[in-house]
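Below is one structure, written out as structure tokens; the observations come after it.
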Amino acid sequence: MRKIAVFTSGGDAPGMNACIRAVVRTAIFKGIEVYGINYGYDGMINGNIKKMQSHSVSNIIQRGGTILKSARSEEFRTVEGRKKAYEQLKLHGIEGIVAIGGDGTFKGAKVFFEEYGIPTIGCPGTIDNDIYGTDYTIGFDTAVNTALEAIDKIRDTAAAHDRIFFVEVMGRDSGYIALECGIGGGAEFVMIPETKTDLKTVVKSLKNLRKTKSSSIIVVAEGDDEGSADFIMEKVKEKVNDPDKEFKVTTLGHIQRGGNPTARDRVLASRCGMAAVEGLLKGESNCMAGVVNGDILYTPFEDCIGKTKQLKEDHLRLIEILSI
């Protein structure tokens, strides 16, 4: 293999730049030409491809976002779009691909490999930590710490005014961010997509907690079955029916995607990027390079996409036990 390409796709995640850096420098170390594809699959279709050197990735390991940009491509979902992408890769002589992204990125990579056979290895870049085949995804640790910093500040003002705060964090299909923020931030309740939210229990517990706690923090994942934090807050407020108690909502939104990646994310991203290049050279393909129990593991895209990553049961118990 003489030429490979790297791209980022889907939602950005802190640490993607560290992963790009590792891919580029590992490839150069191994004597391989490496190209960067701007704007994900859309850039692949349009030939937005440039050769990268070691200095191309200097001074980016500490930066959030992605220097290769990211975009969602409807055209790549079509047979015609993927054919255009393949033609551009062949035009540049590219023989292998490193795809940094999440579930949607890997679905596209799997179909593309099945149609054209270009060896592809993924790196798990998503703040949601919802990809099977790796203990943690690139960007998750940073997102949790960003949200946790905000929750700590919210708790200060909640305590000062005896308020109940509903804090909404990202997680349309996954409660990992909410769960770890809830544990780390001392939340009284955590509401996540993986478990059914019982508002009757929440209301009853809030009424009981008033005897021992003047304020409360409730962390809500955006994909909770009861709805958004705003909607849940209104329902709980109505049922608590306490005119002396103030209820507030804070939606953290996209601040969780940005910012300097933590050391943990930088190291994880670097390991995955290096493993992706080395995997291509060893003949691995149509799989993702992740870290499981501290070791690099290559998991087929089929498993990454098709298997659900389970929450740790002891994390769920911690919320119940520590919120008393």
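Each residue of the sequence shown is one higher than the one before, counting from 1 in the UniProt record's numbering. The C-beta atom is built at its ideal place from N, Cα and C for all residues, glycine as well. Computed from a predicted model, the values in this text were never measured in an experiment.
L68 and F7: beta carbons closer than 7 Å?
On the sequence shown, position 68 is the one that residue 68 refers to. On the sequence shown, position 7 is the one that residue 7 refers to. Result yes, Cβ atoms of L68 and F7 sit closer than 7 Å.
Three-state secondary structure (DSSP) at I61?
Along the sequence shown, read from residue 1 onward, the residue named residue 61 stands at position 61. Coil at I61, not helix or strand.
Beta-carbon gap between E125 and I100 smaller than 7 Å:
Looking up residue 125 in the sequence shown gives position 125. Looking up residue 100 in the sequence shown gives position 100. A small correction: the amino acid at residue 125 is Gly; Glu does not occupy that position in the sequence shown. Going by C-beta atoms, G125 is nearer than 7 Å to I100.
Between E226 and L199, how many whole angstroms is the CB-CB distance? I'm expecting something under 8 Å.
Here residue 226 is taken as the residue at index 226 of the sequence shown, counted from 1. Here residue 199 is taken as the residue at index 199 of the sequence shown, counted from 1. About 6 Å; that satisfies the 8 Å criterion.
Determine the burial state of A263: buried for a count of at least 16 other Cβ atoms within 10 Å of its Cβ, exposed for fewer.
Along the sequence shown, read from residue 1 onward, the residue named residue 263 stands at position 263. By the neighbour-count definition (other C-beta atoms within 10 Å, threshold 16), A263 is an exposed residue.
Grouping DSSP H, G and I as helix and E and B as strand, with all else coil, what is D303?
Position 303 of the sequence shown, counted from the start, is the residue given in the question as residue 303. Of the three classes helix, strand and coil, the one that applies to D303 here is helix, per DSSP.
Could you give the DSSP three-state label for D295: helix, strand or coil?
Counting from 1 along the sequence shown, the entry for residue 295 is found at position 295. Strand at D295.
Would you tell me roughly how many angstroms separate the C-alpha atoms of A221 and H254, rounded to the nearest one?
Position 221 of the sequence shown, counted from the first residue, corresponds to residue 221. Position 254 of the sequence shown, counted from the first residue, corresponds to residue 254. Between the alpha carbons of A221 and H254 lies a distance of about 13 Å.
Drop a sphere of 10 angstroms on the beta-carbon of F29, count the other beta-carbons inside from all chains shown, and report buried for 16 or more, exposed for fewer.
Against the sequence shown, residue 29 aligns to sequence position 29. Around the beta carbon of F29, fewer than 16 other beta carbons sit within 10 angstroms, so the residue counts as exposed.
Coarse secondary structure for M1, derived from DSSP in three states:
The residue you call residue 1 lines up with position 1 of the sequence shown. In the three-state reduction of the DSSP assignment, M1 falls in the coil class.
7 Å is my cut-off, CB to CB: does A269 come that close to chain B?
Chain labels in this structure do not include chain B; a single protein chain is all it has.
Based on DSSP bridge pairs, tell me the residues matched to F166.
Residue mapping note: residue 166 aligns to position 166 of the sequence shown, counting from 1. Residue pairing from DSSP places F166 in a beta bridge opposite I218 and V249.
On the DSSP letters alone, give me the boundaries of the beta strand (DSSP E) that T120 sits inside.
As a working note, residue 120 is residue 120 in the sequence shown. Bounds of the beta strand (DSSP E) holding T120 are T120 to P124.
With Y35 and M16 assumed to form a contact (beta carbons below 8 Å), what rounded beta-carbon distance in angstroms separates them?
Residue 35 sits at position 35 when you count from the first residue of the sequence shown. Residue 16 sits at position 16 when you count from the first residue of the sequence shown. The Cβ separation is near 17 Å, so there is no contact.
For G40, which of helix, strand or coil comes out of DSSP?
The residue you call residue 40 lines up with position 40 of the sequence shown. Helix.
So, with DSSP's three-state summary, where would you put T195?
Reading the sequence shown from its first residue, position 195 is the one you call residue 195. Residue state, collapsed to three classes: coil.
Closest to I121 by CA distance: which of R155, D242, C19 and M191 is it?
Sequence index remark: in the sequence shown, residue 121 carries index 121 (1-based). Per the Cα distances, C19.
Take L318 as the anchor and find which of C181, E33 and T134 has the nearest alpha-carbon.
Translated into the one-based positions of the sequence shown, residue 318 becomes position 318. By alpha-carbon distance to L318, the top candidate from C181, E33 and T134 is C181.
Taking the alpha-carbon positions, what's the V167 to T105 distance?
For the purposes of this step, residue 167 is identified with residue 167 of the sequence shown, where counting begins at 1. For the purposes of this step, residue 105 is identified with residue 105 of the sequence shown, where counting begins at 1. V167 and T105: Cα-Cα distance of roughly 29 Å.
Quick one: Cα of R82 to Cα of R155, how far?
One-based indexing of the sequence shown puts residue 82 at position 82. One-based indexing of the sequence shown puts residue 155 at position 155. Take the alpha-carbon of R82 and the one of R155: they are about 49 Å apart.
For I217 and A160, the rounded distance between their alpha carbons
In the sequence shown, the residue the question calls residue 160 occupies position 160. In the sequence shown, the residue the question calls residue 217 occupies position 217. The alpha-carbon separation between A160 and I217 amounts to approximately 13 Å.
Three or more C-beta pairs under 8 Å: does that hold for the stretch 40-49 against the stretch 70-81?
In short, these stretches touch, since the Cβ pair count reaches three.
One question on the structure: do Q64 and P14 come within less than 7 Å of each other, judged by their Cβ atoms?
Residue numbering aside, residue 64 sits at position 64 when the sequence shown is read from its first letter. Residue numbering aside, residue 14 sits at position 14 when the sequence shown is read from its first letter. Checking the sequence shown, residue 64 turns out to be Gly, not Gln. By the CB criterion at 7 Å, G64 and P14 fall inside the cutoff.
Pick out the complete beta strand (DSSP E) segments inside the stretch 250-289, 3 residues or longer, and give them in chain order.
You should have found no qualifying run.
Take M274 and list the residues in its own chain whose beta-carbon comes closer than 6 Å to its own, dropping the five residues that flank it on each side.
Here residue 274 refers to the residue found at position 274 of the sequence shown. Cβ within range, chain order: A22 and T26.
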